[in-house]
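*Asks:*
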């Protein structure tokens, strides 16, 4: 398959990949759908800066004018930030149509993994992954992120699954599909806004070098699945579990009452939680993304040393 027909890799990213230097992929849904302008652009550029400060090259990923982009210019990030929710939220099912139409797309965890893998990027930092939604036993609402983790060999560094989800079923789904869930410095799955969930992870690893070694071994063994690294939000930004859980329950009830479903569910719930918590959930969200970017960059450096 001639991927170059559709894929544009930024020169700095292509040079780093070719030389075996550390690169970290970043998603673009957080820019277009995650927060308002100009805060979205400021946050995206700050995340790139953090990755550089920790020794790696950032590669923000998106679809612009039908081109799969691995590495965006500041102007392209500004464009996505200003266009906001007018940009299509692009999952795996959307890629072919958006590319064929020459359209724009903000990449989710799923599509960021796909394009990162095409470009030869092995580490990806995000906020939180999607998962099995509450009530999925009747709605079958399960994020494509989980299927991608089962099929695409990219390490995803996140703050756990978003706590709007059914975390127990999300872990069961990942186990069924053979995706290892690693806790960075913890034996407990972090729950995005909070450091604890009550659910255990498969393994605790405590250094970027250990993470890199585990992922390198997975690749050497020929496994096609990714690896999920769950990195707890820093203590000072962690929210009160009682407050956030009540906000989530209220938001889920409202989504159900309004008939919100499918890809509209997560943006609706996050916006409603932000409203209920007076914006403090967004502040926590930004800080955990910064924290994940640091760990991903350090792990990419360690992986580069092994390679």
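Numbering (the numbering used here), first residue to last: 1215 to 1521. Don't be surprised by glycine CBs; every beta carbon is placed ideally from N, CA and C. The structure displayed is predicted, hence computed values, not measured ones.
(1) From residue 1256 to residue 1371, what distance separates their C-alpha atoms?
(2) Does residue 1222 come out as helix, strand or coil in the three-state DSSP assignment?
(3) Does the beta-carbon distance from residue 1455 to residue 1400 come in below 7 Å?
(4) My output table needs one value for residue 1316: the three-state DSSP class, helix, strand or coil.
(5) What does the alpha-carbon distance come out to for the pair residue 1521 and residue 1283?
(6) With a threshold of 16 other CB atoms inside 10 Å of the CB of residue 1342, please say whether the residue is buried or exposed.
(7) What did DSSP end up calling residue 1272 once you bin it into helix, strand or coil?
(8) Alpha carbon to alpha carbon, what distance is there between residue 1438 and residue 1417?
(9) For residue 1402, which three-state DSSP category applies?
(10) Rounded to a whole number of angstroms, what is the C-alpha to C-alpha distance between residue 1453 and residue 1407?
(11) Find out if the Cβ-Cβ distance for the pair residue 1413, residue 1385 is shorter than 7 Å.
(12) Within the chosen definition, does the segment 1479-1496 reach the segment 1429-1438 through at least 3 CB pairs nearer than 8 Å?
(13) With contact counted as at least three CB pairs below 8 Å, one residue from each stretch, are the segment 1373-1382 and the segment 1334-1350 in contact?
(14) Measuring only the C-alpha atoms, how far is residue 1216 from residue 1332?
(15) What is the C-beta distance between residue 1411 and residue 1403, in whole angstroms, given that I count them as a contact (C-beta under 8 Å)?
(16) Is it buried or exposed, residue 1247, if we count other Cβ atoms within 10 angstroms and call 16 or more buried?
(17) Please report how far the alpha carbon of residue 1423 lies from the alpha carbon of residue 1506, in whole angstroms.
(18) Output the distance between the C-alpha atoms of residue 1321 and residue 1309, rounded to the nearest integer angstrom.
(19) For residue 1219, collect the residues of the same chain with a Cβ closer than 7 Å to its Cβ; drop the 5 residues on either side in sequence, then sort them by chain order.
(20) Within the same chain, show all residues whose beta-carbon is closer than 8 Å to that of residue 1496, passing over the 5 residues directly before and after it, in chain order.
(21) I need the DSSP call for residue 1415, collapsed to helix, strand or coil.
(22) Using DSSP with H/G/I as helix, E/B as strand and the rest coil, what is residue 1216?
(23) Output yes or no for whether 7 Å exceeds the beta carbon distance between residue 1512 and residue 1264.
(24) Hey, could you find the ends of the beta strand (DSSP E) residue 1302 is sitting in?
(25) Give the single residue among 1499, 1292, 1374 whose Cα lies nearest to the Cα of residue 1398.
(26) Kindly say whether residue 1449, judged by its beta-carbon, lies nearer than 7 Å to any beta-carbon of chain B.
(27) For the alpha helix (DSSP H) containing residue 1502, list its first residue and its last residue.
(28) Measuring straight from C-alpha to C-alpha, what distance separates residue 1262 and residue 1305?
(29) With a floor of 3 residues, list each beta strand (DSSP E) that falls wholly inside the segment 1432-1477, ordered by position along the chain.
(30) Could you compute how far the alpha carbon of residue 1221 sits from the alpha carbon of residue 1517?
(31) Which residue marks the beginning of the beta strand (DSSP E) containing residue 1371, and which one marks its end?
(32) Whose C-alpha, out of 1273, 1244, 1395, is nearest the C-alpha of residue 1228?
(33) Would you kindly work out how many angstroms separate the C-alpha atoms of residue 1224 and residue 1457, rounded to a whole number?
*Replies:* Walking through what the data contain:
(1) If I take the Cα positions, the gap works out to 21 Å.
(2) Residue 1222 falls in the strand class under three-state DSSP.
(3) Not a contact, by the Cβ cut-off of 7 Å.
(4) Residue 1316 falls in the coil class under three-state DSSP.
(5) Their backbone Cα atoms lie some 25 Å apart in a straight line.
(6) Burial is judged here by how many other beta carbons sit within 10 angstroms of a residue's own beta carbon; residue 1342 has at least 16 and is buried.
(7) The answer is strand: DSSP assigns residue 1272 an E or B state.
(8) So the two alpha carbons sit approximately 19 Å from each other.
(9) In the structure shown, residue 1402 sits in a strand (DSSP, three-state: E or B).
(10) The alpha-carbon of residue 1453 is positioned some 6 Å away from that of residue 1407.
(11) Taking 7 Å as the cut-off, the Cβ atoms of residue 1413 and residue 1385 count as close.
(12) In short, these stretches do not touch, since the Cβ pair count stays below three.
(13) Yes, since at least three Cβ pairs between the segment 1373-1382 and the segment 1334-1350 fall closer than 8 Å, the two stretches touch.
(14) Confidence at residue 1216 is low in this model, with a pLDDT of 49, below 50, so the placement of that residue should be treated as unreliable; the coordinate-derived value is given next. Cα to Cα, residue 1216 sits roughly 10 Å from residue 1332.
(15) The C-beta distance from residue 1411 to residue 1403 rounds to 5 Å, short enough to fall under 8 Å.
(16) Buried, because 16 or more other Cβ atoms sit within 10 Å of the Cβ of residue 1247.
(17) One C-alpha to the other measures close to 15 Å.
(18) Whole-angstrom Cα-Cα distance: 9 Å.
(19) Correct list: empty, nothing qualifies.
(20) Setting aside the 5 residues that flank it on each side, residue 1496 is surrounded in the same chain by 1249, 1488, each with a C-beta closer than 8 Å to its C-beta; the list follows chain order.
(21) Annotated three-state conformation of residue 1415 is coil, per DSSP.
(22) Caution is warranted here: a pLDDT of 49 is assigned to residue 1216, below 50, making its placement in the model unreliable, and the coordinate value is therefore given only provisionally. Residue state, collapsed to three classes: coil.
(23) When the beta-carbon positions are compared, residue 1512 and residue 1264 stay at least 7 Å from each other.
(24) According to the DSSP assignment, residue 1302 belongs to the beta strand (DSSP E) that extends over 1302-1304.
(25) By alpha-carbon distance to residue 1398, the top candidate from 1499, 1292, 1374 is 1374.
(26) Given the protein chain composition of this structure (a single chain), no chain B is represented.
(27) Per DSSP, residue 1502 is one residue of the alpha helix (DSSP H) stretching across 1494-1520.
(28) Distance between the alpha carbons of residue 1262 and residue 1305 is about 23 Å.
(29) Those beta strand (DSSP E) runs which fall completely within the segment 1432-1477 and span 3+ residues are 1441-1444.
(30) If you take the alpha carbons of residue 1221 and residue 1517, they lie about 24 Å apart.
(31) From DSSP, the beta strand (DSSP E) with residue 1371 extends over 1369-1372.
(32) Distance check between residue 1228 and each of 1273, 1244, 1395 places 1273 closest, using alpha-carbon atoms only.
(33) Distance between the alpha carbons of residue 1224 and residue 1457 is about 42 Å.
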